[in-house]
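Enquirer:
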Amino acid sequence: MGTFTFYFFVNSEFSQVLLAPAKSIASNAGVDGEIVVEKTRTCNWQTGYNAMTGRYEDLLCAGVADPCQVSRCALQNAVSIAGVVLITQAVLVEKIKKPKPAMPHVPGKTP
Numbered sequence: 019m020g021t022f023t024f025y026f027f028v029n030s031e032f033s034q035v036l037l038a039p040a041k042s043i044a045s046n047a048g049v050d051g052e053i054v055v056e057k058t059r060t061c062n063w064q065t066g067y068n069a070m071t072g073r074y075e076d077l078l079c080a081g082v083a084d085p086c087q088v089s090r091c092a093l094q095n096a097v098s099i100a101g102v103v104l105i106t107q108a109v110l111v112e113k114i115k116k117p118k119p120a121m122p123h124v125p126g127k128t129p
């Protein structure tokens, strides 16, 4: 990975998106996700947090699936959806229906 590409990913909003799965995995394992992400950032690029063992280790050697492929697919799908929205220039959404007010109670009349 070239210096420009690495600099782009570290300093872009995409880097926040790529960190979200790591935070979620750590939180689901009962560990603070922010701490895991910060410790992982200080380690070399091959080292990550293994939620099964609770250790920081080389995830490929430990047999953990490659999370880079998952992030790439998620990013690719998000860009595809954004492209469709830009091309169609319209998006269908469901309108929120406000509840109708109840009939006022008239004194002397039974409802």
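If you count the sequence shown from 1, you need to add 18 to reach my numbering. All C-beta atoms, glycine included, are put in the ideal place defined by N, C-alpha and C. Source: prediction; values computed, not measured.
When DSSP labels each residue in this structure, what does Gly66 get in the three-state scheme?
Expert: Gly66 falls in the strand class under three-state DSSP.
Enquirer: With a CB to CB cut of under 8 Å and the five nearest residues on each side skipped, what residues in its chain are close to Asn46?
Expert: Hits under 8 Å: Ala69.
Enquirer: Quick check on Ala120: buried or exposed, where buried means 16 or more other Cβ atoms within 10 Å of its Cβ?
Expert: Ala120 should be labelled exposed.
Enquirer: Of the choices Gly66, Glu56, Val88, whose alpha-carbon is the least far from that of Cys79?
Expert: The residue with the shortest Cα to Cα distance from Cys79 is Gly66.
Enquirer: Have a look at Phe22 and Arg90 and give me their C-alpha separation to the nearest angstrom.
Expert: Because Phe22 sits at a pLDDT of 46, beneath the cut-off of 50, its placement in the model cannot be relied upon, and the following sentence gives the value as read from the coordinates. Computed Cα separation, rounded: 18 Å.
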